[in-house]
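Those protein sequence lines, which keep their order, are chains A and B. Everything in the first sequence is counted per the working numbering, starting at 69 for the first residue and increasing by one. Everything in the second sequence is counted per the working numbering, starting at 123 for the first residue and increasing by one. Following: one structure in structure tokens, then a few remarks.
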Amino acid sequence: MTRPRLSERAERSPTVQVLISVAIVVVLLAQVATHLPDRSAVSQLVAPEANRLIRMLGTEQQWGVFAPDPRQTSLRLEGRVTFEDGTTAVWELPNGPRVGGNLRFYRWRKWLERVRADDYQGLWEPTARWIASLYDNRASSVATVELVRMFHTNTVTGKQPPYEEFTYYTYVVADHL
Amino acid sequence: MTAITEAVEAAPRSAWDTFFFAPQSTAPMTLLRVGWGAVTAIWALSFLPDIDPFLTEGALRYERTLQPGAWDPLARIGWDQAALATCVVLLVASLATMVGFRTRLSAAVAVLSLTCLQRGNTAIFNSGDLLLRQLGIAVLLAPCAALWSLDAARARRRGAPLTLLRAPFAMRLLQLELAVGYLLSAWTKARGSTWHDGTAIALSLRIEDLQRFVAPEWLFEQSLLLNLFTWGALAFEATFIFLVWPKRLRLPVLAAGVLLHLGIDIFLDIGFFSVAILLAYLAFLPEDLANRWVGRFDKRALEPDDGEPAVGAGAQDEPVGTRAQGGA
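Dropping the structure here:
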């Protein structure tokens, strides 16, 4: 009879089983600790260390999909480009087929949620600069890029209201030369 | 041998030990490995066209402070093609995992690559991406190459076939993570108002930038139905952790979950979330069913191993405390 492989011998070893058991309990407790209500005393006590641990292990999860409530606004983003000669262009979010393409373009949709948010201001300048770079081959160079967020509050029934818009960041190319 | 080891060995096999370590068929792990490898390869292929701009310096990769404890190797590598190379490595490693070639090594490389890519730009990934990584960790830890794998074929040629009954602790961890995750999700939803008033599903379907196929307008007039969908989804998440363990309830519970997540996937554009959840369900497959599925292409899944019958052998699936203690 052949000798069991190392991994088999390990998983049969009582000592290793104890170590694995401890690891399982710690990982599960850390997962719970990172989903406690933010303002709870327990969360404030344990969440920072739990967060650190799960990120070191690479096991961070987000179980709050559409929680505590689904987002109640619909979003769009436009990059409005003005060239030196006064002409304009509009950049819109890439999109693709709903079957197959959805497995690629969902990342753009997630990015849209972030790039229009005040919490992600660090994204605004790189985004505007990148949009400007998409028009490098034009005869006239880009003068400004405006990031415009468009939104409306969704209603459950009936026709949805029109989008409101707000220019939340303006990138002036000359200021960054 | 230490005193601790002696004491542990002398103790009767507890329900805990039986649940996590009593040898079980590796057929469920096999299905998870193949499914995860295939899906992760698609994940890598779908990401390749967008490495530039999302993970390219000077494009949409942006300066940010990582959470404490997080490591981001791509940020430390000066080479501007590092992300592209990592994605290609992920593709190759996930395909190798799928076919069971150097399975543990390939799974480790795939999980590491996935982590590097996901940490490279945290603005573009969702919970499905993180769950996919979690599944990879389970594949990495599980002895999932005994069936349907090149590793198994090579081992047989060497005259040392891989053992078909192994400790299921990695599958148990995945099962518990999913069950606890559902419960945490329900708990978080319970803090909101729209899950209470029964409008959450309707409001989710109304988010135009997340719509994949647009739900028909008449559906939104069916407020009773939408209330029931909302509360049904909440009830499913809250009770999964209790209902999924008894064998007679397991398949109906998983079937309900499949319907729920297919519905989400049809109407909402959330990438790999639903498919990752459905892959995680493979960890819950009853042994005999998994053995029959795997056994269609590899009869060894139906054969005895180490003197124990594979079908229906090993520990039961109920977690600690829900079944009588018993040896394996």
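Note that beta-carbon positions come from the ideal geometry of N, C-alpha and C, so glycine has one too. As the structure is a computational prediction, the values presented were derived from the model and not from experiment.
Near residue i, what residues of its chain come up, given a Cβ to Cβ distance below 6 Å and the 5 sequence neighbours on each side ignored?
{"i": "LEU87/A", "result": "none"}
{"i": "MET220/B", "result": "VAL156, GLY159 and ALA160"}
{"i": "ARG71/A", "result": "none"}
{"i": "LEU305/B", "result": "ILE363"}
{"i": "ALA277/B", "result": "PRO283 and LEU284"}
{"i": "LEU325/B", "result": "THR316"}
{"i": "PHE234/A", "result": "ARG217"}
{"i": "LEU177/B", "result": "ARG183, ALA205, GLY242 and ASN243"}
{"i": "LEU327/B", "result": "ALA337 and PHE389"}
{"i": "ALA101/A", "result": "VAL114, ALA115 and ALA118"}
Leaving out five residues on either side along the sequence, give the residues of the same chain with a beta carbon under 8 Å from the beta carbon of residue i.
{"i": "ILE173/B", "result": "ALA205, LEU206 and CYS209"}
{"i": "PRO408/B", "result": "LYS369, ARG372, LEU373 and ASP439"}
{"i": "GLY429/B", "result": "With a pLDDT of only 43 at GLY429/B, under 50, the local geometry of the prediction cannot be trusted, and no value is derived from it."}
Kindly list the residues whose CB is nearer than 7 Å to the CB of residue i, restricted to its own chain and excluding five residues on each side of it in sequence; keep chain order.
{"i": "PHE151/A", "result": "ARG206, SER208, SER209, VAL210 and ALA211"}
{"i": "ALA110/A", "result": "It should be noted that the sequence gives Val, not Ala, for residue 110/A. Excluding positions up to five away in sequence, the list reads LEU104."}
{"i": "LEU300/B", "result": "ALA402"}
{"i": "TYR231/A", "result": "ARG144, MET218, PHE219 and HIS220"}
{"i": "GLU160/A", "result": "GLU146"}
For my contact list, residue i and residue j are in at a C-beta cut-off of 8 Å; report their separation, rounded to the angstrom.
{"i": "ARG120/A", "j": "GLY242/B", "result": "Their Cβ separation, rounded to whole angstroms, is 20 Å, which puts ARG120/A and GLY242/B out of contact at 8 Å."}
{"i": "GLY132/A", "j": "THR310/B", "result": "4 Å"}
{"i": "ILE329/B", "j": "SER142/A", "result": "6 Å"}
{"i": "ARG294/B", "j": "PRO145/B", "result": "At roughly 13 Å, the Cβ-Cβ gap does not stay under 8 Å, so ARG294/B and PRO145/B are not in contact."}
{"i": "ALA91/A", "j": "VAL84/A", "result": "With a Cβ gap of about 10 Å, ALA91/A and VAL84/A do not count as contacting."}
{"i": "TRP176/A", "j": "ALA181/B", "result": "Contact flag wrong, Cβ pair sits at about 13 Å."}
{"i": "SER147/B", "j": "ALA412/B", "result": "7 Å"}
Figure out for me which residue from the options has the closest Cα to the Cα of residue i.
{"i": "PRO171/B", "options": "GLN129/A, ASN163/A and GLU214/A", "result": "ASN163/A"}
{"i": "LEU188/B", "options": "GLN130/A, PHE134/A, SER142/A and ARG123/A", "result": "ARG123/A"}
{"i": "LEU104/A", "options": "THR155/A, ALA115/A, VAL95/A and LEU96/A", "result": "ALA115/A"}
{"i": "SER235/B", "options": "GLY281/B, PHE169/B, ASN248/B and LEU347/B", "result": "PHE169/B"}
{"i": "VAL231/B", "options": "ALA163/B, GLY314/B, ASP391/B and ALA144/B", "result": "ALA163/B"}
{"i": "LEU196/B", "options": "THR237/B, ALA292/B, ILE246/B and GLN344/B", "result": "THR237/B"}
{"i": "GLU193/A", "options": "HIS244/A, GLU181/A and VAL94/A", "result": "HIS244/A"}
{"i": "PHE247/B", "options": "VAL94/A, GLU128/A and ALA91/A", "result": "GLU128/A"}
{"i": "ARG186/B", "options": "TYR239/A, PRO229/A, GLY168/A and LEU191/A", "result": "LEU191/A"}
{"i": "GLY168/A", "options": "SER249/B, GLY281/B, TRP165/B and THR152/B", "result": "TRP165/B"}
{"i": "ARG141/B", "options": "PHE406/B, LEU424/B and TRP201/B", "result": "Before going on, a small fix: residue 141/B reads as Phe here, not Arg. Nearest C-alpha to PHE141/B: PHE406/B."}
{"i": "VAL149/A", "options": "SER108/A, GLN99/A and THR195/A", "result": "THR195/A"}
If you check the beta carbons only, do residue i and residue j fall under 7 Å apart?
{"i": "ASP420/B", "j": "TRP193/B", "result": "no"}
{"i": "VAL213/A", "j": "ALA200/A", "result": "yes"}
{"i": "ASN263/A", "j": "ARG334/B", "result": "Here chain A comprises residues numbered 69 to 245, so residue 263/A is not present and cannot be evaluated."}
{"i": "VAL397/B", "j": "ALA149/B", "result": "no"}
{"i": "LEU233/B", "j": "LEU213/B", "result": "According to the sequence provided, residue 233/B is Val. The question's Leu does not apply to it. No, they are not a contact pair."}
{"i": "ILE386/B", "j": "TYR174/A", "result": "no"}
{"i": "ALA268/B", "j": "ALA260/B", "result": "no"}
{"i": "ALA292/B", "j": "ALA264/B", "result": "yes"}
Given the structure, does residue i come close to the ligand SAH, in the sense that its CB is under 6 Å from one of the ligand's heavy atoms?
{"i": "ARG328/B", "result": "Absent from the structure shown: the ligand SAH. Ligands present: none."}
Contact between the region 317 to 329 of chain B and the region 136 to 146 of chain A is defined here as three or more beta-carbon pairs at a separation below 8 Å; is this criterion met?
With three or more CB-CB distances shorter than 8 Å, the region 317 to 329 of chain B counts as touching the region 136 to 146 of chain A.
Quick check: the region 253 to 262 of chain B against the region 399 to 413 of chain B, are there 3 or more CB pairs under 8 Å?
Touching, per the Cβ criterion.
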